[in-house]
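Chains as they are written, first to last, in the working numbering: chain B, 14 to 189; chain L, 5 to 406; chain R, 20 to 198.
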Amino acid sequence: MQLDNATLLAAIERRFPGAILAHSEPHGMLTLETTREQIIDLLQFVKDDPEIEAIFLTSLCGMHYPDHAGKELGVVYHLHSFVQNLRFRIKIFFPVDDPHVPTATTVWPTANWMERQEYDFFGIIFTGHPDLRRILNVDDLDVFPMRKEYRLEDGTRTDKDDRFFGRKGHEGREFD
Amino acid sequence: MQVQSYFSSLDNLDGELSTLNLGPTHPATHGVFQNVLKMDGERIHSAEPTIGYIHRAFEKLAEHRPYNQITPITDRLNYCSSPINNMGWHMTVEKLIGCELPKRAQYMRVIIMELSRIADHLVCNSVIGVDTGALTGFTYMFQERELIYEMFEEVCGSRLTTNIGRIGGMERDFTPAFHAKLKAFMQGFPARFEEFNNLLERNRIFMDRCIGAGPISAERALAYGFTGPNLRATGVDYDVRVMTPYSSYEDFDFIIPVGSGQGDTYDRFMVRQEEIRQSLRIIDQACKNMPEGNYHADVPDFYLPSKPDVYTKMEALIYHFKVVMSETPIPVGEVYHCVEGGNGELGFYLISDGGRHPYRLHFRRPCFIYYQAFPEMIKGAMLSDAILAMSSMNVIAGELDA
Amino acid sequence: MGVSKAEVLEGYIGEGYQLTTVEKALGLARSNSIWPLPFATSCCGIEFMATMASTYDLARFGMERLSFSPRQADLLMVMGTIAKKMGPVLKQVYTQMAEPKWVIAVGACASSGGIFDTYSVLQGIDKVIPVDVYVPGCPPRPEQIIDGVMKIQELVQNETFRRRHSPEYQHLLEKYQIG
Chain B
14 MQLDNATLLA AIERRFPGAI LAHSEPHGML TLETTREQII DLLQFVKDDP EIEAIFLTSL
74 CGMHYPDHAG KELGVVYHLH SFVQNLRFRI KIFFPVDDPH VPTATTVWPT ANWMERQEYD
134 FFGIIFTGHP DLRRILNVDD LDVFPMRKEY RLEDGTRTDK DDRFFGRKGH EGREFD
Chain L
5 MQVQSYFSSL DNLDGELSTL NLGPTHPATH GVFQNVLKMD GERIHSAEPT IGYIHRAFEK
65 LAEHRPYNQI TPITDRLNYC SSPINNMGWH MTVEKLIGCE LPKRAQYMRV IIMELSRIAD
125 HLVCNSVIGV DTGALTGFTY MFQERELIYE MFEEVCGSRL TTNIGRIGGM ERDFTPAFHA
185 KLKAFMQGFP ARFEEFNNLL ERNRIFMDRC IGAGPISAER ALAYGFTGPN LRATGVDYDV
245 RVMTPYSSYE DFDFIIPVGS GQGDTYDRFM VRQEEIRQSL RIIDQACKNM PEGNYHADVP
305 DFYLPSKPDV YTKMEALIYH FKVVMSETPI PVGEVYHCVE GGNGELGFYL ISDGGRHPYR
365 LHFRRPCFIY YQAFPEMIKG AMLSDAILAM SSMNVIAGEL DA
Chain R
20 MGVSKAEVLE GYIGEGYQLT TVEKALGLAR SNSIWPLPFA TSCCGIEFMA TMASTYDLAR
80 FGMERLSFSP RQADLLMVMG TIAKKMGPVL KQVYTQMAEP KWVIAVGACA SSGGIFDTYS
140 VLQGIDKVIP VDVYVPGCPP RPEQIIDGVM KIQELVQNET FRRRHSPEYQ HLLEKYQIG
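This is the structure in structure tokens:
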């Protein structure tokens, strides 16, 4: 049976009534929003269900919306069902004071490094992850650089004067 | 299998294992990543990779650059085949703004992308040869890469990090010099490529080195998120160009080569060799069937108007100013688009809030995702097989770390 | 044909002999037999591979033997972006090299951080090690890399014996906290 966005949504809502908080189809890709308590069961369901068979976790990425109180951090899972040739994404949001999300490594081993990257960038703590530590940045970095409050440039660099780049923050050069 | 029975006697040998640090600067690791290997003599017991030695913060950088200034950043992802990354990004933005390209521009993009795929696979395969000791293939095939570089120079002016194309099409039509160079390449390259192939394909030494080195099964590969030639070497025929065709790939007739199912180095080598031949086929078809038309779409909000118009017409001047100053209205939305890069599915997840810069841009980098499986692939192998497995996976440090 | 003759050293030339200083003779020998260490991290590394390949052929300049061990290398060619994580590794490789040693920073990222003005990229390797020649470009063409190498060869040829023991050089090393 060929699956499309509507039947996929119906199948998920049948199995998990009330789990889907919001759904939309930006540019044709079904986007669901759910809670972090139900995400792992939902992922396991779409992977194992013989009608959906979304066996491939394409990507997992974090987001930071500092203006949404109580839902500042988020994780987006992109899933792909080869057999049905269908892609869809699932989002979860949670507050920045309590950035705990159950790990998806129990469902797919590929989530291991993806979650480490999102921990490195946003500080999202994946409970149950076998080895949650920084992967791309230096190990002793004490900030989570992708969060919106941190600037892109290194504040301690001495050879560039921000005024010439139209930025504020670091002014004045030091000559050797 | 031999490996399991070998290790059953090693359960309490942890104190007798030696630690070997492979990298980050090492002649055989092509790129900067580190592996700390625990070895029992020559056999590897376990490996712990460390990456991030060339982390350049692309995702953060992309949040602070306007849309057309992100193209040079995508160049530096998989820098052996940077046109594919450029085109992928342009297609993502075009999907967001809802722009459809004329057929001619799409065919031009296909030619450029397939040329860069050939360049990428040539690097990988010659380097597999170098790691087994066969340097001749490397010197021959890099001459062919120079011809491809010359063609890129004709189109965009640069050899390696190309920044080819624009949002909405290509920046200029292909010049007669490009067509002449392409024709000469298509005539001369297949024969020279077969020469390189005959050096290695049925070479006793090469086959003995590569067969069985770094195998992975299709189930584990899918669980680890493999895509591209590494996945096809295990027997799964997943290619983004066929699954979700983009840029008129559905018009072309080509096969997807698939390995024997063992997923070892020899499979990966042969899959890439065959993909080069299929890319040549695609370029041939694109050249023969190139339709007439414009080389860019009509999106004056994103595509720079031609200079004679800018100097004479008022609206062209205003559009030019707006595009260069990035004051164009970008629709709010989110889009995920993927292309078949040299290493697999390169995806771009773009969230736009209507501002000059993307709100969030996430790169789905194939190298980062499949390198996780490396410790599993080399468990129980000898050190030289591990080196071969690493180079046959075509790990590009720029894509690994972003 | 474009055959050019090498310049003879200053000094007296006779039938089968040349009288010159040891410094000049040593400089000539050294500059044409440099053993480079290719510290290739990213895209400039691929252009370096093209420079070593047959079309541009760096081996003509005496650099046939690439040394990946810093103990056996004369010239450290840093090609590509150096992230802050890689900085200590680069410094360790530099200190492991024996005197006399030269450093060439190939590419915009090695010279000044390049297009990556970010929190994780070292804004130029001269923040951690002293550099002799900078080759700009992103990536530089092989001809530019060869030009940089030829400038290094000039430096090597004209270097005095006592330079590495002079107080200015010691002061330079102290500035970088090396040695």
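Quick reminder that beta carbons are idealized off the backbone N, C-alpha and C, glycines included.
Let me make sure I understand the geometry here. Which of the options has the alpha-carbon closest to that of residue i?
i      : options                        : result
B:P108 : B:R102, B:M127, B:V88, B:M42   : B:V88
R:M105 : R:F135, R:P119, R:V140         : R:V140
B:D111 : B:K84, B:G41, B:R146           : B:K84
R:K120 : R:G132, R:S61, R:I148          : R:I148
L:L404 : L:R80, L:T75, L:Q73            : L:R80
R:T137 : R:I123, R:K103, R:R160, R:C157 : R:K103
R:I165 : R:G33, R:D76, R:V97            : R:D76
R:E66  : L:R113, L:Q191, L:L164, L:R121 : L:L164
B:L73  : B:F95, B:N98, B:V59, B:T116    : B:T116
B:N150 : L:I58, L:I334, L:N201          : L:I58
L:E148 : R:S86, R:S73, R:I123           : R:S73
Under DSSP, the alpha helix (DSSP H) around residue i begins and ends at which residues?
i      : result
R:Q142 : R:Q142 -> no alpha helix (DSSP H), and no H or E assigned at all.
L:N89  : 86–101
R:I171 : 161–176
L:Q147 : 139–160
R:S130 : 127–131
B:F125 : The sequence given here has Asn at residue 125 of chain B, not Phe. That run of the alpha helix (DSSP H) goes 124–135.
L:N234 : 233–236
L:T269 : 269–292
Distance check for residue j and residue i, CA to CA, integer angstroms please.
i      : j      : result
B:Q15  : B:H91  : 20 Å
B:D144 : B:D152 : 13 Å
L:Y315 : L:V246 : 44 Å
L:V244 : L:C342 : 7 Å
L:F37  : R:L47  : 38 Å
R:Q163 : L:N25  : 34 Å
R:V168 : R:L174 : 10 Å
L:L105 : L:I77  : 23 Å
L:A222 : R:Y113 : 44 Å
L:C160 : L:G297 : 20 Å
L:Q8   : L:N207 : Interpretation of L:Q8 is limited by its pLDDT of 46, a score under 50 that renders its predicted location unreliable; the figure taken from the coordinates is listed afterwards. The straight-line gap from Cα to Cα measures roughly 29 Å.
B:T20  : B:G31  : 16 Å
L:R60  : L:S356 : 22 Å
R:K146 : R:G126 : 15 Å
B:T140 : L:S120 : 42 Å
L:Y10  : L:A227 : In this prediction, L:Y10 scores a pLDDT of 48, lower than 50, which makes its location untrustworthy; the coordinate-derived value is nonetheless stated afterwards. Those two C-alpha atoms are separated by around 26 Å.
R:K194 : R:S185 : 15 Å
L:S264 : B:W121 : 25 Å
B:I52  : L:F146 : 49 Å
L:M5   : L:H49  : Legend: pLDDT at L:M5 = 38, less than 50; position of this residue unreliable, value from coordinates given subsequently. Computed Cα separation, rounded: 16 Å.
L:F306 : L:G169 : 12 Å
L:S388 : B:L86  : 44 Å
Enumerate in chain order the residues of its own chain whose CB-to-CB distance from residue i is below 8 Å, with the five nearest sequence positions on each side excluded.
i      : result
L:F142 : S130, V131, G133, V134
B:N125 : T118, H142, P143, D144
Ends of the beta strand (DSSP E) at residue i?
i      : result
L:G337 : 337–345
B:Y90  : 86–94
L:F352 : 348–356
R:M96  : 94–98
B:T47  : 43–47
Quick one: what's got a C-beta closer than 7 Å to residue i's C-beta in the same chain, skipping five residues either side?
i      : result
L:T96  : V339, H341, F352, L354
B:F134 : G75, F157, P158, M159
B:Y163 : V156
L:E63  : L365, H366, F367, A406
Given the structure, does residue i come close to the ligand HEM, in the sense that its CB is under 7 Å from one of the ligand's heavy atoms?
i      : result
L:A401 : No copy of the ligand HEM occurs in the structure displayed, which carries no ligand at all.
Determine which residues share a DSSP beta bridge with residue i and list them.
i      : result
B:P115 : B:T140
L:C214 : DSSP, once it has assigned bridges, lists no residue as partnering L:C214.
B:M76  : B:G87
L:P53  : L:N39
R:M71  : Beta-bridge pairing links R:M71 to no other residue.
B:L99  : B:S94
R:V152 : R:I123
L:S22  : L:M43
For residue i, which residues from the same chain have a beta carbon less than 6 Å from its beta carbon, with the 5 sequence-adjacent residues on both sides left out?
i      : result
L:S330 : P70, R360
L:S22  : M43
L:P1   : Because chain L spans 5 through 406 in this model, residue 1 of chain L falls outside it and cannot be assessed.
Do we get a CB-CB distance below 8 Å when we pair residue i with the residues of chain C?
i      : result
L:V339 : Among the protein chains in the structure shown, which are B, L and R, there is no chain C.
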